[in-house]
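Taking it in order: structure first as structure tokens, then the write-up.
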Amino acid sequence: MSDFRLRVFSCVAKNLSFTKASQELFISQPAITKHIQELETMYQTRLFERMGNKISLTDAGRLLLEHCEKILEEYGRLEYEMNLLRNEHIGKLRLGASTTIAQYVLPPLLARFIEKFPQVSLSLFNGNSLEVEKALQEHRIDLALVEGNIRQPNLKYTSFLQDELVPVVHTHSKWTEYDEITLEEFKKIPLVLRERGSGTLDILLAALQKHNIKLSDLNVKMYLGSTESIKLFLENCDCLGILSIRSVNKELYAGEMKVLEIKDLSMFREFDFVQLQGQENGLPALFMQFAEHYKEKL
């Protein structure tokens, strides 16, 4: 079993807050302080500098954090592989995923999981990020996978995969004669975008906000509720869409769509696992560990 003090230290170091670590780990702040003091006594050095209500890592603290992350990662791998040896997992796992993830990331992962754990029954709820997180909060699903940059305070987010959003047009569009456009030109191009509440739209708006551009500044012709509907819409109009690179790989390879670069605008996001704070391990933890080991093939 890994040293719990290392988990405490890692949590404090990443949050740079004893209070936040206490809330995240569901243990008292005095207990957090005790674990840190024990580590400092064991290594005979200070791990944090205290400056009023703020803390920062010392050189020793940064060194410990670097090794701590490796130790905890190895322990997670060991725990996962030991669980695989037992292979006694039985039950029902209710997953929820936002649209892009459900369509373009999860299917091969779900197939491999069912093959490895045939006694686990899987179900998948699909919606935009807000809908999926609401289903988790209402206990209608056990584990969520979402994209976006909005965080709910009562939920725990664990990074899974990185994704990129790209501006795309159909190859019959007049915009295919361009390889790159400016932000001012982008504001004038007719757009088809994902609906409000979707992680895709959240990321676009966050990227535009850095350039003081609002949604009302854009020439939005249509909001649609799925990636596939946007792709079909683009086939029949002269609009530009903002989609995950994962969702248009086949069309790009087939020469049916083209990425139109926007100067000074990049849109990257994380696909995150989401759990209720304090949620017990079990099948959700097993699925997360399985996905982490399989993700290089996605």
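The sequence shown: position 266 = 266 (full-length UniProt numbering), numbered continuously. For each residue, glycine too, the CB sits at the ideal point set by N, CA and C.
Counted within 10 angstroms of its Cβ, other Cβ atoms place residue i as buried (16 or more) or exposed
i	result
M232	It should be pointed out that residue 232 corresponds to Leu in this sequence rather than to Met. Exposed, by the Cβ-count rule.
S123	exposed
L78	exposed
R50	exposed
P167	buried
K297	exposed
G96	buried
M1	Legend: pLDDT at M1 = 49, less than 50; position of this residue unreliable, value from coordinates given subsequently. M1 comes out exposed.
H35	buried
E133	buried
L286	buried
S173	buried
Option in the options with minimal Cα separation from residue i
i	options	result
R269	G148, Y104 and I189	G148
R140	G127, R151 and Q152	G127
A31	F9, G91, G52 and R46	F9
F117	L218, K92 and E138	K92
P284	T176, M257 and D142	D142
L64	R46, E74 and Y75	R46
I55	S17, E81 and Q103	S17
Q137	Q275, F4 and L208	Q275
Terminal residues of the alpha helix (DSSP H) in which residue i lies
i	result
A111	L106 to K116
F9	F4 to N15
F290	L283 to Y294
Bridge partner(s) assigned by DSSP for residue i
i	result
L143	L95
Q162	E270
Y157	V274
V259	V168
S56	E49
Pair within 8 Å by beta-carbon distance, residue i and residue j
i	j	result
V105	L161	yes
K187	I213	yes
F271	D179	no
L155	Q277	yes
L240	V169	yes
Limits of the beta strand (DSSP E) - the one that residue i falls within
i	result
S244	L240 to S244
G127	V120 to G127
S22	Premise fails: S22 lies in the alpha helix (DSSP H), F18 to L25, not in any beta strand (DSSP E).
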